[in-house]
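*Asks:* The structure that follows is given in the form of structure tokens.
Protein chains: 2
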Amino acid sequence: MTSVVEICERAAAAAPQVARLSGRSKDAALSMMADALHEAAPALMEANDADVEAARAAGTGDTILDRLTLTEKRLTSMAEGLRAVAAQPDPVGEITEGWKRPNGLTIEKVRVPLGVIAVIYEARPNVTADVAGLCLKSGNACVLRGSSMALRSNRAIVSVLTEAGRAGGIPVDAVQLIPDADRSSAVELMQAKGLVDLIVPRGGKALIDTIQEHATVPFIIDGDGNCHVYVDRSADLDMATRIVLNAKTQRPSVCNAAETLLVHQEVADKWLPEALSSLAGAGVEVRGDATVRALWPQANEATDEDWATEYLDLTIAVKVVDSIDAAIQHVNRWGTSNAEAIVTADLSAARRFTAEVDSGSIFVNASTRFSDGGEFGYGAEIGISTQKLHARGPMGLRELTTTKYVVWGEGQTRP
Amino acid sequence: MTSVVEICERAAAAAPQVARLSGRSKDAALSMMADALHEAAPALMEANDADVEAARAAGTGDTILDRLTLTEKRLTSMAEGLRAVAAQPDPVGEITEGWKRPNGLTIEKVRVPLGVIAVIYEARPNVTADVAGLCLKSGNACVLRGSSMALRSNRAIVSVLTEAGRAGGIPVDAVQLIPDADRSSAVELMQAKGLVDLIVPRGGKALIDTIQEHATVPFIIDGDGNCHVYVDRSADLDMATRIVLNAKTQRPSVCNAAETLLVHQEVADKWLPEALSSLAGAGVEVRGDATVRALWPQANEATDEDWATEYLDLTIAVKVVDSIDAAIQHVNRWGTSNAEAIVTADLSAARRFTAEVDSGSIFVNASTRFSDGGEFGYGAEIGISTQKLHARGPMGLRELTTTKYVVWGEGQTRP
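Top line first, the protein sequences correspond to chains A and B.
First residue of the first sequence: 60, per the working numbering; consecutive thereafter.
First residue of the second sequence: 60, per the working numbering; consecutive thereafter.
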């Protein structure tokens, strides 16, 4: 079997060719890849069926089985994702800034690909196509390391993509899958320094810990989402109910779902009992501080552990705060810098919350569930960065690039 | 003595206050700091004299003594640096991108400070003022860890800056110096995770190795500069001589000085003997490949080790290449992604070299010595990044910031 290092070496060798592809070639190839996914639907479904069957036989839970399963709708959405990525402007070659110095030197800051991007991800075969599309469009080669549970599906998808890409002039080594998905292959990948330029770990705490302990390759953390919704005293309360319900229940298992609700004391009496009943009606377990429990006795008790927890489930922690300052402090203390929302009609409150909350995305009168590359208009998503360096929040094509300075002179020397 | 962690905690507590300072307050404070450096010149010189005397008594070499010494000219240039930084546009609050989604959400990408920036640097007291100025202007608190050799000078400078800043409304903990400069304080600093948002190590290989082994805080490597000058067959040969002499000899001890000269074979016969004689005349030792030694027998032999070496001294490695492809390959194999130059009159050669050389800064018909924050117009410099993530090349104010997304809605929820 080809080793992880060999795969990375091939990717590194292919990277300069991928970097030089014209936008037109890349877009044509992405479109051919989208067509090929449609055409290969029966074969892809068959490979996926085998994965799903094996996972079910191994006693895998329903949530994971659901993520693993390729449906016709999901295949269509993978193909649409590739077309949406093709429709984005080419980030490569963009001159992001440029100026002329007093000595006549013209300085350009030019966007260029990173080189080789590696992504470690969970059992979601659609990610395979998303990552391949984003990396190709941004001029990078990619090395994919999916879950062993999805290996047949991923192999089939990568094979369809590379065959279609080859016909469109894309080097075959531009998109490669690591064929064995045990822990050691992940560690080898995160230590392929000098071959891999960026690794994005998509997964739980164990993976993040492994990266932080073992990686020698630069990485971007796609971390926890302990997201907050703060209902200000000036909030439109019907809007607040809709946003909280959406942020908590529309898809509770993902990182941009809300985990804590903060309510200004001036609207707590009037709004909370009804809002919490609505949440409970949607199957949500409510854990509240003493004030919350006094207003709505069905609530369980919330402790500091609840403020710190990303439930990823139908549970919400609720706290009444006496001011927007207390709300901001709570978010900055317990949040994970992913996504937070304020519901307010007060401009000054909106401006303070957006300025003072330290997070990747801050929503005014909108659900945290919009913290997502697709929803931001990036076509697809490589992940959501919860760190501050290089990228923060949903990552699109630009986040997969670096820059170089190109300086034009006429013989200037430094005095 | 205050511990490193306590210093970092104070910085972290001050950071949100620094982040909220108006551009006007920051610029006024920087101007007061510049004035204060002038006024305190006698006290600063006295502190510096003590450092220099102790270093000389300890047998410190001339190059380091020179860097350590504060002259009136250097003090003036420190003050001018602060004023130049004040004259830059405020990076904080800049909306770098913004767009509206089909569902009516307005997305803004807003530049915000990183928080706390730590810099570890060598015995150059001027860096103290440069770093403090850049961090303040970019809305960050900073923790400075200079060389023990410059401790008295750094203490005096920080004290002058913080006193002037205090008068201008800057929190005193916005600029702090670590009072003991042994190795353990550096390691403590690079492990102050959750308190320090970015650490920039300015120093040699030992420091970089320590960072890569021990840092838990995110870092940006200000690494080696094995810089190249390539003289193309179409070069204006007089210009080539001027640029090579400048890049090699104007200040050989710094990272943007040239270390290797590549010459196209078509101009080697005509140009090399004269150019190498000029370099030798400026005190440079020439090490060449066989072709070079045949053309100019005074050259010593160059081996692979020479292609890999950053001499930081009056030595240059010289190689004759048979094509621009060979030149690009050589730079990409041996370079350290700092700064490279091509001397050419041929547009196609210039476009190929700038596109295909993988480096932080690429100069066409100009000296590599311009790879510098001040020369780029950034007022001062926090360092030159030789990595690809977050920042690449000379770092100015923007590189000391991150972004957050601010999204404005009217009650949007995700369907």
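Every residue gets a Cβ at the ideal spot worked out from N, C-alpha and C, and that includes glycine.
Just so you know, these numbers come straight off a predicted model, no measurement behind them.
Exposed or buried, what is residue 406 of chain B when buried is set at 16 or more other beta-carbons lying within 10 Å of its beta-carbon?
*Replies:* Exposed, by the Cβ-count rule.
*Asks:* Enumerate in chain order the residues of its own chain whose CB-to-CB distance from residue 350 of chain B is below 6 Å, with the five nearest sequence positions on each side excluded.
*Replies:* Cβ neighbours of residue 350 of chain B beyond the five flanking positions: 379.
*Asks:* Is residue 261 of chain B helix, strand or coil by DSSP?
*Replies:* DSSP places residue 261 of chain B in strand when its eight states are reduced to three.
*Asks:* Could you run through the segment 256-288 of chain B and flag, in chain order, every residue whose CB is less than 7 Å away from some CB of chain A?
*Replies:* Result list: 256, 257, 277.
*Asks:* Of the choices A/90, A/260, A/414, A/162, whose alpha-carbon is the least far from that of residue 467 of chain A?
*Replies:* That would be A/162, whose Cα lies nearest to the Cα of residue 467 of chain A.
*Asks:* CB-CB under 6 Å to residue 158 of chain B, same chain, minus the five flanking residues each way: which ones, in chain order?
*Replies:* Hits under 6 Å: 166.
*Asks:* Applying a beta-carbon distance threshold of less than 8 Å, which residues of chain A neighbour residue 249 of chain B?
*Replies:* Chain A residues near residue 249 of chain B: none, gap ~14 Å exceeds 8 Å.
*Asks:* Please list the partners that residue 421 of chain B has in chain A, where partner means a Cβ-to-Cβ separation under 8 Å.
*Replies:* Here the neighbours are 463, 464, 465, 466.
*Asks:* Mind listing the chain A neighbours of residue 298 of chain B? Cutoff is C-beta to C-beta under 7 Å, in chain order.
*Replies:* The answer, in chain order, is 470.
*Asks:* At a Cβ threshold of 7 Å, is residue 81 of chain A touching chain B?
*Replies:* Answer no: the Cβ-Cβ gap between residue 81 of chain A and chain B never drops below 7 Å.
*Asks:* How would you call residue 154 of chain A, buried or exposed, if buried means at least 16 neighbouring beta carbons within 10 angstroms?
*Replies:* Classification for residue 154 of chain A: exposed.
*Asks:* I'd like to check one pair, residue 439 of chain B with residue 174 of chain B: are the Cβ atoms closer than 7 Å?
*Replies:* No, these two residues do not count as a Cβ contact at 7 Å.
*Asks:* Ordered along the chain, which non-local residues of its own chain (more than five positions away) have a Cβ less than 6 Å from that of residue 252 of chain B?
*Replies:* Correct list, in chain order: 275, 276.
*Asks:* Do you know offhand how far residue 431 of chain A's Cα is from residue 287 of chain A's?
*Replies:* Roughly 16 Å between the two C-alpha positions.
*Asks:* Could you check what DSSP says for residue 452 of chain A in three-state terms: helix, strand or coil?
*Replies:* Residue 452 of chain A falls in the strand class under three-state DSSP.
*Asks:* Classify residue 504 of chain A: buried if its beta carbon has 16 or more other beta carbons within 10 angstroms, exposed otherwise.
*Replies:* Beyond the ends of chain A as shown, which are 60 and 474, falls residue 504 of chain A; an answer cannot be given.
*Asks:* Are the CB atoms of residue 182 of chain B and residue 536 of chain B within a distance shorter than 7 Å?
*Replies:* For residue 536 of chain B there is no data in the structure shown, the boundaries of chain B being 60 and 474.
*Asks:* Taking Cβ-Cβ distances shorter than 9 Å, what residues in chain B pair up with residue 452 of chain A?
*Replies:* Within chain B, the residues near residue 452 of chain A are 168, 462, 463, 464.
*Asks:* Can you confirm whether residue 447 of chain A, when its beta carbon is compared against all beta carbons of chain B, has any partner nearer than 7 Å?
*Replies:* Answer yes: the Cβ-Cβ gap between residue 447 of chain A and chain B drops below 7 Å somewhere.
*Asks:* Looking at residue 170 of chain A: is its Cβ nearer than 7 Å to the Cβ of residue 472 of chain A?
*Replies:* Not in contact: residue 170 of chain A and residue 472 of chain A (Cβ atoms no closer than 7 Å).
*Asks:* Could you pull the start and end residues of the alpha helix (DSSP H) that residue 101 of chain B belongs to?
*Replies:* Start and end: 100-116.
*Asks:* Under 8 Å by Cβ, that's how I've got residue 400 of chain B and residue 374 of chain B pegged, so tell me the actual separation to the nearest angstrom.
*Replies:* Rounded, the Cβ-Cβ distance is 18 Å, inconsistent with contact.
*Asks:* Which stretch, first to last residue, makes up the alpha helix (DSSP H) that contains residue 413 of chain B?
*Replies:* Taken as a continuous stretch (DSSP letters only), the alpha helix (DSSP H) holding residue 413 of chain B covers 406-415.
*Asks:* Could you tell me if residue 260 of chain A is buried or exposed, where buried requires 16 or more neighbouring beta carbons within 10 angstroms of its beta carbon?
*Replies:* When all chains shown are included, residue 260 of chain A counts as buried.
*Asks:* So with CB distances below 8 Å, who are the chain B contacts of residue 424 of chain A?
*Replies:* 467, 468, 469, 470, 471, listed in chain order.
*Asks:* Residue 468 of chain A lies in the beta strand (DSSP E); which residues open and close that run?
*Replies:* 460-471 is the extent of the beta strand (DSSP E) around residue 468 of chain A.
*Asks:* Let's see if you can read the secondary structure: which residues bound the alpha helix (DSSP H) around residue 369 of chain A?
*Replies:* No alpha helix (DSSP H) holds residue 369 of chain A; DSSP gives it neither H nor E.
*Asks:* On the three-state DSSP scale, how would you describe residue 173 of chain A?
*Replies:* Reduced to three states, the DSSP call for residue 173 of chain A is coil.
*Asks:* Pairs of beta-carbons, one from the segment 64-78 of chain B and one from the segment 212-220 of chain B, closer than 8 Å: are there three or more?
*Replies:* No: the two stretches stay apart, fewer than three of their Cβ pairs being nearer than 8 Å.
*Asks:* Considering only their Cβ atoms, is the gap separating residue 403 of chain A from residue 293 of chain A smaller than 7 Å?
*Replies:* Their beta carbons are under 7 Å apart, which means residue 293 of chain A touches residue 403 of chain A by this criterion.
*Asks:* What are the boundary residues of the beta strand (DSSP E) that includes residue 347 of chain B?
*Replies:* Taken as a continuous stretch (DSSP letters only), the beta strand (DSSP E) holding residue 347 of chain B covers 344-347.
*Asks:* Which residues of chain B have a Cβ atom closer than 8 Å to the Cβ of residue 158 of chain A, listed in chain order?
*Replies:* Those are 436, listed as they occur along chain B.
*Asks:* On the three-state DSSP scale, how would you describe residue 326 of chain A?
*Replies:* Reduced to three states, the DSSP call for residue 326 of chain A is helix.
*Asks:* Checking the sheet assignment: what are the DSSP bridge partners for residue 431 of chain B?
*Replies:* Residue 431 of chain B pairs with nothing; no bridge assigned.
*Asks:* Under 7 Å, do residue 93 of chain A and residue 138 of chain A count as touching if we go by C-beta distance?
*Replies:* In contact: residue 93 of chain A and residue 138 of chain A (Cβ atoms closer than 7 Å).
*Asks:* Taking the continuous alpha helix (DSSP H) assigned at residue 254 of chain A, which residues delimit it?
*Replies:* Counting along the chain, residue 254 of chain A falls outside any alpha helix (DSSP H), and DSSP gives it neither H nor E.
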